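Written below as structure tokens is the structure these notes are about.
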Amino acid sequence: MRTPSRVLAAAFCAAAALSALPAQARMESFPSSFRVERIKANDATLYVRVGGQGPAVVLLHGFGDTGDMWAPAARALYKNHTVIVPDLRGMGLSSQPKGGYDKKTQGQDIAKVMDALKVEKADLVTHDIGNMVGYALAAQYPQRITKWVIIDAPLPGIGPWDEILKSPLLWHFNFRGPDVDRLVKGRERIYLDRFYNELSANPKAIDEATRRHYARLYARPGNMHYAFEQFATFNTKDRADNVEFQKTKLPMPVLALGADHSFGDTQAVVMRDVATNVQGGIVKNSGHWIMEEQPKQTVDLIVKFLDGK
Numbered sequence: 003m004r005t006p007s008r009v010l011a012a013a014f015c016a017a018a019a020l021s022a023l024p025a026q027a028r029m030e031s032f033p034s035s036f037r038v039e040r041i042k043a044n045d046a047t048l049y050v051r052v053g054g055q056g057p058a059v060v061l062l063h064g065f066g067d068t069g070d071m072w073a074p075a076a077r078a079l080y081k082n083h084t085v086i087v088p089d090l091r092g093m094g095l096s097s098q099p100k101g102g103y104d105k106k107t108q109g110q111d112i113a114k115v116m117d118a119l120k121v122e123k124a125d126l127v128t129h130d131i132g133n134m135v136g137y138a139l140a141a142q143y144p145q146r147i148t149k150w151v152i153i154d155a156p157l158p159g160i161g162p163w164d165e166i167l168k169s170p171l172l173w174h175f176n177f178r179g180p181d182v183d184r185l186v187k188g189r190e191r192i193y194l195d196r197f198y199n200e201l202s203a204n205p206k207a208i209d210e211a212t213r214r215h216y217a218r219l220y221a222r223p224g225n226m227h228y229a230f231e232q233f234a235t236f237n238t239k240d241r242a243d244n245v246e247f248q249k250t251k252l253p254m255p256v257l258a259l260g261a262d263h264s265f266g267d268t269q270a271v272v273m274r275d276v277a278t279n280v281q282g283g284i285v286k287n288s289g290h291w292i293m294e295e296q297p298k299q300t301v302d303l304i305v306k307f308l309d310g311k
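Under this note's numbering, think of the first position of the sequence shown as 3, with each following residue one higher.
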């Protein structure tokens with residue numbers, strides 16, 4: 003097994019080598035039948051896209067994206083699933099409470115979304131910080147999550163976390179302090195471009211329309227500040243909560259997907275520390291931004307696992 007720091011570092015080299023390849027994806031929209039609900043969850047109001055019919059599936063985004071990243075997956079799932087796609091608190095078009103950015107609280111946010119929509123149980127698909135919120139959801143409400151696809155990001159305090167933190171590509175995990183908002187204000191596009199370029203196998207797969215879309219959303223007053231708050235709890239409350247959650251392993255089937263130019267097979271290694279039924283998988287020819295770099299491949303893997311095909 004490659005060490006996590008080497009796996010992540012490979013993304014930088016791959017980006018330079020593959021930068022001349024043509025773009026593979028464009029921003030997609032959700033099916034026209036989808037509706038938006040603003041759902042009260044603890045002290046937040048979450049912006050939630052809902053559509054489709056059948057067994058429910060909840061899709062959670064991470065940093066650098068919003069729930070908009072899941073449009074290709076929603077199009078593949080909505081004919082046979084009720085698809086629920088929130089923006090996490092403080093991100094996208096959700097509200098910006100001053101606190102509650104620990105993942106335990108945000109797991110409770112998602113449970114309240116499910117309550118509001120009268121969804122008792124759901125499959126779960128997560129990426130990046132969405133993985134951390136997803137773990138807190140599944141650990142607190144294991145009877146409510148039927149299957150889980152977790153994609154390309156670690157869990158604070160779990161498995162090789164301390165080794166993962168040594169990667170220089172993860173400097174932003176500790177980018178905090180009194181001046182961070184001022185440093186990034188008006189430069190949101192520059193800040194996000196660094197992650198799209200350095201953590202991708204093919205930077206051109208994150209096309210100009212996608213970059214502009216997310217730069218506009220993260221430039222909304224407060225959004226970047228509260229994105230920083232998501233990271234601020236990693237090594238404090240999230241780590242402590244996860245160590246406690248880990249004492250009881252998750253029972254639901256888990257598909258742990260790592261991108262071959264990013265987290266790789268380490269995703270399954272991490273999940274075997276917290277769950278009893280883990281299947282590993284790889285998104286090929288991709289860096290961290292799986293839905294931008296390899297949307298069809300990623301969606302096919304998700305659908306195959308959720309539908310048992």
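Don't be surprised by glycine CBs; every beta carbon is placed ideally from N, CA and C. Remember, it's a predicted structure, so these values are computed and weren't measured experimentally.
At a Cβ-Cβ threshold of 7 Å, Leu126 and Ile147 count as neighbours. In the structure shown, Gln98 adopts coil according to DSSP, grouped into three states. With a beta-carbon spacing of about 12 Å, Ala217 and Arg196 fall beyond the 8 Å limit used to define contacts. Considering only Ile41, Asp262, Gln248, Ser288, the residue with the shortest C-alpha distance to Gly159 is Gln248.
When the beta-carbon positions are compared, Ser97 and Asp89 stay at least 7 Å from each other.
Straight through space, the alpha carbons of Phe36 and Trp163 are spaced by roughly 38 Å.
In this structure, Asp45 keeps its C-beta atom at 7 Å or more from the C-beta atom of Thr235. Proximity to Ala207 across Gly53, His83, Gly289 peaks at Gly289, based on C-alpha coordinates. With 16 or more other CB atoms across the displayed protein chains lying within 10 angstroms of its CB, Leu157 is buried.
The segment 219 to 227 makes no contact with the segment 255 to 263: fewer than 3 CB pairs, one atom from each, lie closer than 8 Å.
With a beta-carbon spacing of about 10 Å, Val182 and Phe233 fall beyond the 8 Å limit used to define contacts. By the C-beta density criterion, Ser202 is buried, having at least 16 other C-beta atoms within 10 angstroms. Unbroken alpha helix (DSSP H) stretches of 4 residues or longer found wholly inside the segment 143 to 197: 163 to 166, 182 to 186, given in chain order. Membership of Lys42 in the beta strand (DSSP E) is indicated by the continuous run 37 to 43.
A check of alpha carbon separations from Thr68 across His129, His174, Phe307, Val186 identifies His129 as the nearest. Among the bridge pairs identified by DSSP, Ile86 is matched with Val52, Val60. Its Cα nearest to that of Asp275, the residue Tyr137 stands out among Met116, Gly102, Leu62, Tyr137.
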